[in-house]
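Shown next, in structure tokens, is the structure this report addresses.
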Amino acid sequence: MMAAAVPVGFFAGFFGIGGGLISVPFLFFVFEAFNVDKDYLMHLSVGTAFSITILTATASVLTHRKYNAVDFNIIKNYGTFVIIGVFSGTLMAALMNTKTLLFFFSAVVYFFGAYLLLQSEKKKKIKKKFNIFPRIIFGFLSGLISAPMGITGAMMNVPILRYFGYPINLAIGSSAAIGFIIALFGSIGFFTSGLMLKADIPLSIGFINIPAFIIFVPITTFMARIGAKTVQDLDRVKTQRLFGVFLYVIGTLFLYRFLVT
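What follows is the structure, given as structure tokens:
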């Protein structure tokens with residue numbers, strides 16, 4: 016568990032993601048090995064991943080902010096609709112089966128990965144208006160899709176911000192801040208649902224596992240700072256390409272999981 020926490024934290028800072036793309040599958044297999052009730056395996060994995068991500072995302076945002084890579088005007092207006100989407104997504108998670116979610120998730124990851132690989136870095140200032148309508152739509156969808164999978168929406172928010180003309184480093188930093196919002200309210204949602212369902216899971220409160228939280232938090236928080244600092248020194252176009260490749264790898268893993276489930 017400690018070894019897995021290192022890449023989870025590093026990628027959180029490097030790509031502006033919360034680590035759920037890595038930690039959710041890992042936690043799923045760990046909890047399965049400990050014979051956690053199968054009805055709650057995914058719920059516990061997602062809820063725990065979100066709780067871990069709160070501090071990881073905080074460390075990532077603070078580091079990106081030092082490099083002026085966070086646009087808080089985006090966060091202020093975008094965040095409200097993200098929160099609504101997160102609570103809707105938490106409810107949706109209880110209504111959809113895992114196999115359907117895996118297929119949908121892999122398709123979305125492939126789409127955004129292709130977008131990042133094909134798009135070139137813009138040298139001009141922001142030229143597409145990110146006005147209220149797209150903020151409502153994209154903010155809601157970001158929260159809606161992220162919540163059932165325990166992710167913080169970077170795979171969607173980075174390409175979205177890139178589409179509206181934001182440079183890659185600003186898109187990643189702002190995405191990390193949006194990810195904090197998703198992680199916070201996602202944790203609240205799964206914590207509450209676990210209590211309401213009276214899930215009797217050892218060493219857990221609601222759908223948050225305490226030992227996993229204690230082990231992951233210090234390691235991922237430290238590594239997130241290193242990841243966020245590392246990305247500032249790299250070429251922006253190369254960073255964008257790396258993120259696109261990263262999404263393709265994750266998409267393939269989820270597609271494989273869909274096929275074998």
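For the sequence shown, this note's numbering gives the first residue as 16, with consecutive numbering after it. Ideal placement from N, C-alpha and C gives every residue a C-beta, glycine not left out. Source: prediction; values computed, not measured.
The alpha helix (DSSP H) spanning Leu212 covers which residue range? Segment: none, Leu212 is in no alpha helix (DSSP H) and carries neither H nor E.
Cβ of Phe43 within 8 angstroms of any chain B Cβ: Of the protein chains in the structure, only one exists, and it is not chain B.
Would you kindly report the start and end of the unbroken alpha helix (DSSP H) that includes Asn88? Counting along the chain, Asn88 sits inside the alpha helix (DSSP H) bounded by residues 87 to 108.
Contact belief for Met231 with Gly62 at Cβ below 8 angstroms, rounded distance in angstroms: Here residue 231 turns out to be Phe, not Met, going by the sequence shown. Actually they are not in contact, since the Cβ atoms of Phe231 and Gly62 sit about 13 angstroms apart, beyond 8 angstroms.
Taking the DSSP output, what are the residues bridged to Ser219? In DSSP, Ser219 forms a bridge with Asn224.
What did DSSP end up calling Lys139 once you bin it into helix, strand or coil? Its pLDDT being 48, under 50, Lys139 is placed unreliably in this model, and the coordinates cannot settle the point.
Where does the unbroken alpha helix (DSSP H) through Val51 begin, and where does it stop? Element bounds for Val51: n/a, residue is neither H nor E.
Per the contact definition of three or more C-beta pairs closer than 8 angstroms, is the segment 186 to 197 in contact with the segment 72 to 88? Flag = yes, the segment 72 to 88 and the segment 186 to 197 touch.
Are there any heavy atoms of the ligand ZN lying less than 7 angstroms away from the beta-carbon of Asn88, as far as the coordinates show? For the ligand ZN, the structure offers nothing, since it holds no ligand at all.
Please report the straight-line C-alpha distance between Phe145 and Phe179, rounded to a whole angstrom. When rounded, the distance between both Cα atoms is 6 angstroms.
Determine, using beta-carbon pairs with one atom in the segment 252 to 267 and one in the segment 125 to 132, whether at least three such pairs fall under 8 angstroms. Between the segment 252 to 267 and the segment 125 to 132 there are three or more C-beta pairs closer than 8 angstroms, enough to call the two in contact.
CB-CB under 8 angstroms to Thr254, same chain, minus the five flanking residues each way: which ones, in chain order? Sequence-distant Cβ neighbours of Thr254 in its own chain, meaning closer than 8 angstroms and more than five residues away, are Ile183, Asn184, Ile187, Val246.
Drop a sphere of 10 angstroms on the beta-carbon of Ile147, count the other beta-carbons inside from all chains shown, and report buried for 16 or more, exposed for fewer. Under the 10 Å beta carbon count, Ile147 is surrounded by fewer than 16 other beta carbons and is classified as exposed.
Of all the options Met238, Ile98, Ile229, which has the alpha carbon lying nearest to the alpha carbon of Phe26? Closest by C-alpha distance to Phe26, out of Met238, Ile98, Ile229, is Met238.
Enclosing alpha helix (DSSP H) for Ala84 [first to last residue]: Per DSSP, Ala84 is not a residue of any alpha helix (DSSP H), being assigned neither H nor E.
So, Gly28 versus Gly242, is the Cβ gap smaller than 8 angstroms? Against a cut-off of 8 angstroms, the Cβ pair of Gly242 and Gly28 comes out as a contact.
Rounded to the nearest angstrom, what separates Gly168 and Val252 at their Cα positions? Rounded to the nearest angstrom, the two C-alpha atoms are 21 angstroms apart.
Taking contact to mean 3 or more Cβ pairs, one atom from each stretch, closer than 8 angstroms, check whether the segment 48 to 59 and the segment 148 to 158 are in contact. Output reads no: the segment 148 to 158 does not touch the segment 48 to 59.
Note down the Cα distance separating Pro40 from Thr68, rounded to an integer number of angstroms. Spanning the two alpha carbons is a distance of roughly 14 angstroms.
Rounded C-beta distance between Ala6 and Phe195? I'm assuming under 8 angstroms. Examination of residue 6 is not possible in this model, given that the chain is present from 16 through 276 alone.
Going by beta-carbon coordinates alone, are Ser157 and Ile193 separated by less than 8 angstroms? Going by C-beta atoms, Ser157 is nearer than 8 angstroms to Ile193.
Under 6 angstroms Cβ to Cβ from Ser66, same chain only, skipping five residues before and after it: list those, please. These residues qualify, in order along the chain: Ser202, Ile223, Phe228.
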